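J.: This is the structure I have questions about; it appears just below.
Number of protein chains: 2
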Amino acid sequence: MLPYKSLIQTDRNSSVSLYIQVCNSFISLITNGTLQPSDILPGSRVLAELIGINRNTVKLAYEELVNQGWAESIERKGVFVLSKLPIRAKTVLPQANKNNSIQEPFIWTNNFKNAIPSKNLQKNILTIDDGFPDVRLAPVDLLMREYRSLSRRFHGRKFLHYGSSKGSEHFRVSIGNYLSHSRGLTVSPENILITKGSQMGIYLATQLLLHPSDNIAVGMSNYLSADDTFKYAGANLLRIPIDDHGMDVDYLEEILLRSKIKAVYVIPHHHLPTTVTMSAERRLKLLNLAKEYRFAIIEDDFDFDFHYDNKPYLPLASIDHNQNVIYIGSISKTFAPALRIGFMVGSSAFIEAAASLRELIDRQGDTLLEEAFAVLFDNGEMERHFRKSLKIYKQRRNFFCSMLTSDFNDKIEFRMPEGGLAVWSNFDKKIDIIRMSDEALKKGLFIDNGNFYKNESFFTNGLRMGFASLRENEMVEALGILKKILH
Amino acid sequence: MLPYKSLIQTDRNSSVSLYIQVCNSFISLITNGTLQPSDILPGSRVLAELIGINRNTVKLAYEELVNQGWAESIERKGVFVLSKLPIRAKTVLPQANKNNSIQEPFIWTNNFKNAIPSKNLQKNILTIDDGFPDVRLAPVDLLMREYRSLSRRFHGRKFLHYGSSKGSEHFRVSIGNYLSHSRGLTVSPENILITKGSQMGIYLATQLLLHPSDNIAVGMSNYLSADDTFKYAGANLLRIPIDDHGMDVDYLEEILLRSKIKAVYVIPHHHLPTTVTMSAERRLKLLNLAKEYRFAIIEDDFDFDFHYDNKPYLPLASIDHNQNVIYIGSISKTFAPALRIGFMVGSSAFIEAAASLRELIDRQGDTLLEEAFAVLFDNGEMERHFRKSLKIYKQRRNFFCSMLTSDFNDKIEFRMPEGGLAVWSNFDKKIDIIRMSDEALKKGLFIDNGNFYKNESFFTNGLRMGFASLRENEMVEALGILKKILH
Numbered sequence: 001m002l003p004y005k006s007l008i009q010t011d012r013n014s015s016v017s018l019y020i021q022v023c024n025s026f027i028s029l030i031t032n033g034t035l036q037p038s039d040i041l042p043g044s045r046v047l048a049e050l051i052g053i054n055r056n057t058v059k060l061a062y063e064e065l066v067n068q069g070w071a072e073s074i075e076r077k078g079v080f081v082l083s084k085l086p087i088r089a090k091t092v093l094p095q096a097n098k099n100n101s102i103q104e105p106f107i108w109t110n111n112f113k114n115a116i117p118s119k120n121l122q123k124n125i126l127t128i129d130d131g132f133p134d135v136r137l138a139p140v141d142l143l144m145r146e147y148r149s150l151s152r153r154f155h156g157r158k159f160l161h162y163g164s165s166k167g168s169e170h171f172r173v174s175i176g177n178y179l180s181h182s183r184g185l186t187v188s189p190e191n192i193l194i195t196k197g198s199q200m201g202i203y204l205a206t207q208l209l210l211h212p213s214d215n216i217a218v219g220m221s222n223y224l225s226a227d228d229t230f231k232y233a234g235a236n237l238l239r240i241p242i243d244d245h246g247m248d249v250d251y252l253e254e255i256l257l258r259s260k261i262k263a264v265y266v267i268p269h270h271h272l273p274t275t276v277t278m279s280a281e282r283r284l285k286l287l288n289l290a291k292e293y294r295f296a297i298i299e300d301d302f303d304f305d306f307h308y309d310n311k312p313y314l315p316l317a318s319i320d321h322n323q324n325v326i327y328i329g330s331i332s333k334t335f336a337p338a339l340r341i342g343f344m345v346g347s348s349a350f351i352e353a354a355a356s357l358r359e360l361i362d363r364q365g366d367t368l369l370e371e372a373f374a375v376l377f378d379n380g381e382m383e384r385h386f387r388k389s390l391k392i393y394k395q396r397r398n399f400f401c402s403m404l405t406s407d408f409n410d411k412i413e414f415r416m417p418e419g420g421l422a423v424w425s426n427f428d429k430k431i432d433i434i435r436m437s438d439e440a441l442k443k444g445l446f447i448d449n450g451n452f453y454k455n456e457s458f459f460t461n462g463l464r465m466g467f468a469s470l471r472e473n474e475m476v477e478a479l480g481i482l483k484k485i486l487h
Numbered sequence: 001m002l003p004y005k006s007l008i009q010t011d012r013n014s015s016v017s018l019y020i021q022v023c024n025s026f027i028s029l030i031t032n033g034t035l036q037p038s039d040i041l042p043g044s045r046v047l048a049e050l051i052g053i054n055r056n057t058v059k060l061a062y063e064e065l066v067n068q069g070w071a072e073s074i075e076r077k078g079v080f081v082l083s084k085l086p087i088r089a090k091t092v093l094p095q096a097n098k099n100n101s102i103q104e105p106f107i108w109t110n111n112f113k114n115a116i117p118s119k120n121l122q123k124n125i126l127t128i129d130d131g132f133p134d135v136r137l138a139p140v141d142l143l144m145r146e147y148r149s150l151s152r153r154f155h156g157r158k159f160l161h162y163g164s165s166k167g168s169e170h171f172r173v174s175i176g177n178y179l180s181h182s183r184g185l186t187v188s189p190e191n192i193l194i195t196k197g198s199q200m201g202i203y204l205a206t207q208l209l210l211h212p213s214d215n216i217a218v219g220m221s222n223y224l225s226a227d228d229t230f231k232y233a234g235a236n237l238l239r240i241p242i243d244d245h246g247m248d249v250d251y252l253e254e255i256l257l258r259s260k261i262k263a264v265y266v267i268p269h270h271h272l273p274t275t276v277t278m279s280a281e282r283r284l285k286l287l288n289l290a291k292e293y294r295f296a297i298i299e300d301d302f303d304f305d306f307h308y309d310n311k312p313y314l315p316l317a318s319i320d321h322n323q324n325v326i327y328i329g330s331i332s333k334t335f336a337p338a339l340r341i342g343f344m345v346g347s348s349a350f351i352e353a354a355a356s357l358r359e360l361i362d363r364q365g366d367t368l369l370e371e372a373f374a375v376l377f378d379n380g381e382m383e384r385h386f387r388k389s390l391k392i393y394k395q396r397r398n399f400f401c402s403m404l405t406s407d408f409n410d411k412i413e414f415r416m417p418e419g420g421l422a423v424w425s426n427f428d429k430k431i432d433i434i435r436m437s438d439e440a441l442k443k444g445l446f447i448d449n450g451n452f453y454k455n456e457s458f459f460t461n462g463l464r465m466g467f468a469s470l471r472e473n474e475m476v477e478a479l480g481i482l483k484k485i486l487h
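So the protein lines, in turn, are chains Z and R.
For what it's worth, the UniProt record's numbering labels the leading residue of the first sequence as 1, then goes sequentially.
For what it's worth, the UniProt record's numbering labels the leading residue of the second sequence as 1, then goes sequentially.
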């Protein structure tokens with residue numbers, strides 16, 4: 001007889017009744033071949049004693065097996081596995097996979113059961129987004145023309161072959177020039193890796209920097225996808241308060257006195273979600289702390305290009321290049337989100353290792369697209385695009401904020417952002433944002449429900465409201481719907 | 001006085017001279033703020049005693065510090081940190097980062113120091129590659145026309161926004177139809193994730209399946225990038241022999257009797273590198289073993305589309321769909337390598353989790369490109385492309401193999417592959433492939449040096465020689481160069 005005592009596992013605390021558990025165990029033994037067609041099952045009394053359950057429970061289990069077509073009962077002889085087994089069971093017990101691990105075909109780890117589904121997918125309805133660019137402003141057609149034209153030209157054909165996992169050499173030179181002109185960040189192509197958007201930069205840096213139970217300092221409120229990336233690496237998140245001047249570096253210093261920190265993640269321009277900009281004083285202090293305590297700064301500067309009121313601060317990386325700072329930027333966030341292009345800047349050794357890791361992840365980017373972007377950077381189209389967008393976005397910001405002031409004075413508290421593409425809006429405590437989001441959708445407006453901005457220590461009744469992707473008439477319509485719901 | 005004894009670290013075995021090491025240590029103390037402007041340095045006699053080196057060495061170090069502009073020597077008073085420090089040292093000692101760990105700005109782990117650099121980058125010279133498609137055959141311009149045209153159309157504009165991390169819904173339906181027609185693999189869109197080439201499928205599956213010290217079974221010879229992906233996850237690789245019928249599943253079974261295996265990675269069509277196809281009998285046995293021992297099969301079927309002599313076997317996944325098999329395929333490998341498109345098929349729960357992980361890695365693919373490919377699948381262009389290519393590649397295989405037979409009879413041993421785009425070529429033991437590769441390059445031919453195919457248990461003097469990307473006249477030229485070198 002088979003060692004049923006160890007083969008048949010039951011759990012009295014399970015919500016699945018005991019006889020179903022026993023039945024499922026037998027189905028597994030049959031489908032995995034341990035029990036063969038025509039094999040006899042142990043007598044109900046014997047099995048009951050072996051596995052310590054009531055004999056009637058075993059009988060019920062056998063009845064269920066017979067009913068489902070796995071076994072047959074032959075009078076005075078016993079219960080046998082069906083001699084001619086069906087290929088596939090017609091009915092599967094509904095709780096089988098949830099509660100009886102023996103039914104899972106193989107073992108894997110799902111770390112993402114509670115993942116918040118991504119929001120702001122493409123929709124054909126009016127949308128107040130998280131702060132995305134208006135794809136209607138981007139010179140997409142110029143890019144596509146280059147893309148197609150490159151692929152037709154003889155010399156462009158080589159870009160269809162495998163290329164470097166760091167990205168097109170030409171594009172890295174173009175990005176290098178752009179970083180130097182726009183933000184005083186002087187680096188060579190070997191300090192640059194072309195990513196698929198800033199998220200890949202965050203992922204690569206995380207994997208190189210953080211091991212399980214390493215500490216990383218992040219904002220009390222923070223970009224959820226970055227937090228999730230750090231958690232995925234097993235890192236321990238230390239939350240640092242964010243006030244009107246950005247991350248509280250004095251608080252960080254106190255933590256550093258007692259804990260080893262491997263990295264600090266900052267969004268110094270227009271912190272996500274709250275849009276505050278880190279002061280120059282704090283930037284310098286953070287750099288000094290990094291040197292003193294030898295931690296890396298992951299500087300996510302995806303929002304550098306749109307700053308309305310004065311010149312943006314230079315990145316931390318441009319003060320301290322190639323030393324403690326890993327600098328991450330995005331073109332997807334300023335051009336069109338679905339065209340995944342970003343960059344990561346660091347020491348050449350760090351970039352080299354990141355490129356090796358990237359080879360394991362997706363081998364390389366779309367060289368042809370990178371080459372096409374390089375043309376737009378080189379011929380000044382990207383700069384024209386940034387200048388034009390900046391002007392339009394500033395008008396939109398002003399218009400949007402004046403509407404918020406006039407129409408939502410007692411409902412929404414906000415500060416006009418110095419840059420970026422969204423207004424951080426604190427809703428009156430009496431307003432249920434989740435319900436508001438649901439009701440808006442019924443009226444043809446998509447607006448987020450705020451869950452994406454919350455974490456275990458930050459649960460303000462707030463939302464980012466993107467103004468950049470809406471024309472003034474669209475803002476009037478969108479905020480009109482919101483006003484009706486809230487009044 | 002500062003605790004110089006612990007602050008100044010020297011290494012007598014280093015190739016960097018001692019005085020430079022001391023000098024570099026002081027530069028670190030100055031740049032990290034431990035030593036402030038105008039601080040006095042310890043007397044040379046005192047320091048020499050403290051750290052146990054010759055006093056003259058300390059003097060030399062101080063001279064170097066003064067020369068580099070970090071310190072000033074004031075007669076009869078001593079050496080002081082410069083009161084007005086330069087922002088940046090003009091000269092950095094070349095060996096500083098390599099040998100003096102105190103100079104490293106932060107701690108990170110480089111798992112990729114010994115990575116074999118990717119081969120077969122785009123080159124404008126004649127190339128015998130690893131088995132890549134001929135990009136000149138792919139209907140790239142049709143694709144580009146769709147790509148551009150979609151981006152201009154009103155309804156296409158939505159594909160420039162954020163989309164699903166699983167890939168375009170439309171494209172997943174098209175791929176579903178293609179899988180069903182071409183290989184009897186009937187799945188729904190929720191079983192499909194669009195990747196950036198098969199490598200991303202391998203990476204995602206690995207991350208969900210394997211934890212540090214988990215076992216994965218792989219071929220004795222195997223695709224190096226897959227091996228590296230498993231190793232990166234900390235997995236333990238168990239090597240299974242590959243013979244003329246593919247992976248030796250009896251050997252695998254013996255291992256399963258004593259060891260728990262989480263997953264088996266197979267390339268059942270045209271194993272990489274050796275191009276053998278797994279027999280039907282072994283396929284069924286592998287599936288049965290997977291059920292019995294509850295392991296996952298990662299089926300990398302990147303080469304399904306090109307099979308010349310008879311109908312290809314159906315994938316393992318089409319016999320056992322949604323159960324033990326995670327099925328990975330590639331369009332980059334049949335169209336153009338730089339256009340990164342592939343797919344992964346699995347249970348909806350597995351695909352859902354993989355999509356969540358993918359959000360952390362690069363958020364999503366290029367939706368517009370996916371939509372453009374969907375059009376090419378829907379209107380039959382892709383099928384035409386496959387049919388046309390298959391015919392041409394078969395001719396090229398035959399021509400290439402006949403040249404190998406006639407011109408390299410005593411130098412290269414090979415078997416004509418049933419499918420795929422490369423010939424596994426075993427070179428005579430007397431031939432040094434690395435030198436051959438170097439010499440070929442000098443004569444204008446790029447051919448790999450074979451290191452990519454070796455691992456700790458496989459070191460045949462072999463090479464994959466891709467025939468598909470070469471026209472007959474190019475083959476004559478390429479093999480002509482090789483012949484001259486080897487004779």
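Think of the CB as a built atom: it goes at the ideal place given N, C-alpha and C, for glycine as much as any other residue.
These figures come from a predicted structure and were not determined experimentally.
Thinking Asp407 of chain R and Lys483 of chain R are a contact (beta carbons under 8 angstroms), I'd like their distance in whole angstroms, please.
T.: Residue mapping note: residue 407 of chain R aligns to position 407 of the second sequence, counting from 1. Residue mapping note: residue 483 of chain R aligns to position 483 of the second sequence, counting from 1. The Cβ separation is near 5 angstroms, so the contact holds.
J.: Should Phe304 of chain Z and His271 of chain Z be called a contact, given that it needs their Cβ atoms to be closer than 8 angstroms?
T.: For the purposes of this step, residue 304 of chain Z is identified with residue 304 of the first sequence, where counting begins at 1. For the purposes of this step, residue 271 of chain Z is identified with residue 271 of the first sequence, where counting begins at 1. No, they are not a contact pair.
J.: Can you list, in chain order, the residues of the stretch 157-175 of chain Z whose Cβ is nearer than 8 angstroms to any Cβ on chain R?
T.: Flagged, chain order: Arg157, Lys158, Phe159, Leu160, His161, Tyr162, Gly163, Ser164, Ser165.
J.: Per the contact definition of three or more C-beta pairs closer than 8 angstroms, is the stretch 208-217 of chain Z in contact with the stretch 335-353 of chain R?
T.: Output reads no: the stretch 208-217 of chain Z does not touch the stretch 335-353 of chain R.
J.: Give, in chain order, every residue of the stretch 103-114 of chain Z whose Cβ lies closer than 7 angstroms to some Cβ of chain R.
T.: Those would be Pro105, Phe106, Ile107, Trp108, Thr109, Asn110, Phe112, in chain order.
J.: So Val140 of chain R is in the beta strand (DSSP E); what residue range does that whole segment cover?
T.: The residue given as residue 140 of chain R occupies position 140 in the second sequence. Here Val140 of chain R belongs to no beta strand (DSSP E); instead the alpha helix (DSSP H) covers 140-152.
J.: For Pro3 of chain Z, which option in Z:Tyr313, Z:Thr229, Z:Phe26 has the closest C-alpha, if you only look at C-alpha atoms?
T.: Start at 1 with the first residue of the first sequence, and residue 3 of chain Z comes out as number 3. Looking at the Cα atoms, Z:Phe26 is the closest of the given residues.
J.: Taking CB distances under 8 angstroms as the criterion, tell me whether Arg145 of chain R reaches chain Z.
T.: Start at 1 with the first residue of the second sequence, and residue 145 of chain R comes out as number 145. Output row for Arg145 of chain R: interface = yes.
J.: Quick check on this structure: which residue in Z:Ile116, Z:Ile194, Z:Ala61, Z:Asn111 has the alpha carbon closest to the alpha carbon of Asn449 of chain Z?
T.: Locating residue 449 of chain Z in the first sequence gives position 449, where the first residue counts as 1. Comparing Cα positions, the closest option is Z:Ile116.
J.: Identify, in the order they occur along the chain, each residue of the same chain with its Cβ nearer than 6 angstroms to the Cβ of Val173 of chain Z, setting aside the five sequence neighbours on each side.
T.: Within the first sequence, numbered from 1, the residue matching residue 173 of chain Z stands at position 173. Answer for Val173 of chain Z: Pro189, listed in chain order.
J.: Strictly under 8 angstroms for the Cβ-Cβ distance: is Lys98 of chain Z near chain R by that measure?
T.: As a first step, residue 98 of chain Z must be located in the first sequence, where it is residue number 98. At Lys98 of chain Z, the pLDDT of 41 sits below 50, so the modelled position is not reliable and the matter cannot be decided from this model.
J.: Could you spell out the range, first to last residue, of the alpha helix (DSSP H) harbouring Arg157 of chain Z?
T.: Counting from 1 along the first sequence, the entry for residue 157 of chain Z is found at position 157. It is not in any alpha helix (DSSP H) - Arg157 of chain Z carries neither H nor E in the DSSP assignment.
J.: Roughly how many angstroms separate the alpha carbons of Arg258 of chain Z and Lys231 of chain Z, rounded to a whole number?
T.: In the first sequence, residue 258 of chain Z corresponds to position 258, counting from 1. In the first sequence, residue 231 of chain Z corresponds to position 231, counting from 1. In a straight line, the C-alpha of Arg258 of chain Z is about 22 angstroms away from that of Lys231 of chain Z.
J.: Just the chain B side, please: which residues come within less than 8 angstroms of Asp303 of chain R by C-beta, in chain order?
T.: As a matter of chain content, chain B is missing from the structure shown, whose protein chains are Z and R.
J.: Run through DSSP, which three-state label would Asp243 of chain Z get?
T.: Locating residue 243 of chain Z in the first sequence gives position 243, counting from the first residue. Three-state result, Asp243 of chain Z: strand.
J.: Excluding the five sequence neighbours on either side, which residues of its own chain have a C-beta within less than 6 angstroms of the C-beta of Phe467 of chain Z, listed in chain order?
T.: In the first sequence, residue 467 of chain Z corresponds to position 467, counting from 1. The answer, listed in chain order, is Arg396, Arg397, Phe400.
J.: Any idea what DSSP makes of Glu104 of chain Z, helix, strand or coil?
T.: The residue given as residue 104 of chain Z occupies position 104 in the first sequence. Coil at Glu104 of chain Z, not helix or strand.
J.: Taking the beta carbon of Ile412 of chain Z as the centre, do at least 16 other beta carbons fall within 10 Å, making it buried, or is it exposed?
T.: Position 412 of the first sequence, counted from the start, is the residue given in the question as residue 412 of chain Z. So Ile412 of chain Z ends up on the buried side.
J.: How would you list, in chain order, the residues of chain R whose beta-carbon sits under 8 angstroms from the beta-carbon of residue 531 of chain Z?
T.: The structure shown does not extend to residue 531 of chain Z, since chain Z is modelled only from 1 through 487, so no value can be given for it.
J.: Could you give the residue range of the alpha helix (DSSP H) that holds Asn288 of chain R?
T.: Against the second sequence, residue 288 of chain R aligns to sequence position 288. Run containing Asn288 of chain R: 280-293, per the alpha helix (DSSP H) assignment.
J.: Should Ser221 of chain Z be flagged as near chain R, meaning a C-beta pair shorter than 8 angstroms?
T.: Taking the first residue of the first sequence as 1, we reach residue 221 of chain Z at position 221. With 8 angstroms as the cut-off, Ser221 of chain Z does not count as an interface residue toward chain R.
J.: Give me the Cβ distance between Leu193 of chain R and Lys166 of chain R, rounded to the nearest whole Å; I'm assuming they're in contact under 8 angstroms.
T.: Working through the second sequence from its first residue, we reach residue 193 of chain R at position 193. Working through the second sequence from its first residue, we reach residue 166 of chain R at position 166. Confirmed, about 5 angstroms.
J.: Report the rounded CA-to-CA distance for Arg464 of chain Z versus Asp129 of chain Z, giving the unit in angstroms.
T.: Taking the first residue of the first sequence as position 1, residue 464 of chain Z is located at position 464. Taking the first residue of the first sequence as position 1, residue 129 of chain Z is located at position 129. In a straight line, the C-alpha of Arg464 of chain Z is about 8 angstroms away from that of Asp129 of chain Z.
J.: For the alpha helix (DSSP H) that contains Arg387 of chain Z, what are its first and last residues?
T.: Within the first sequence, numbered from 1, the residue matching residue 387 of chain Z stands at position 387. From DSSP, the alpha helix (DSSP H) with Arg387 of chain Z extends over 381-407.
J.: Give the residues from the stretch 408-420 of chain Z that approach chain R closer than 9 angstroms (Cβ to any Cβ), ordered along the chain.
T.: Answer set for the stretch 408-420 of chain Z: empty.
J.: Where does Pro94 of chain Z sit, in a helix, a strand or coil, going by DSSP?
T.: Within the first sequence, residue 94 of chain Z is the residue found at index 94, counting from 1. Its pLDDT being 34, under 50, Pro94 of chain Z is placed unreliably by the model, and the measurement read from it follows with that caveat. Note: Pro94 of chain Z maps to coil in three-state DSSP.
J.: On the criterion of 16 or more Cβ atoms from any shown chain inside 10 Å, does Val58 of chain Z qualify as buried, or is it exposed?
T.: Position 58 of the first sequence, counting from 1, holds the residue named residue 58 of chain Z. Buried, since its Cβ has 16 or more Cβ neighbours within 10 Å.
J.: Over the uninterrupted alpha helix (DSSP H) stretch that includes Ser6 of chain Z, give me the two end residues.
T.: Position 6 of the first sequence holds residue 6 of chain Z. Unbroken alpha helix (DSSP H) run through Ser6 of chain Z: 4-7.
J.: So, using beta-carbon positions, are Ala338 of chain R and Asp366 of chain Z closer together than 8 angstroms?
T.: For this step, residue 338 of chain R is matched to residue 338 along the second sequence. For this step, residue 366 of chain Z is matched to residue 366 along the first sequence. Going by C-beta atoms, Ala338 of chain R is nearer than 8 angstroms to Asp366 of chain Z.
J.: Along the chain, where does the beta strand (DSSP E) containing Glu299 of chain R start, and where does it finish?
T.: To locate residue 299 of chain R, count along the second sequence from 1; it is residue 299. Glu299 of chain R -> beta strand (DSSP E) spans 296-300.
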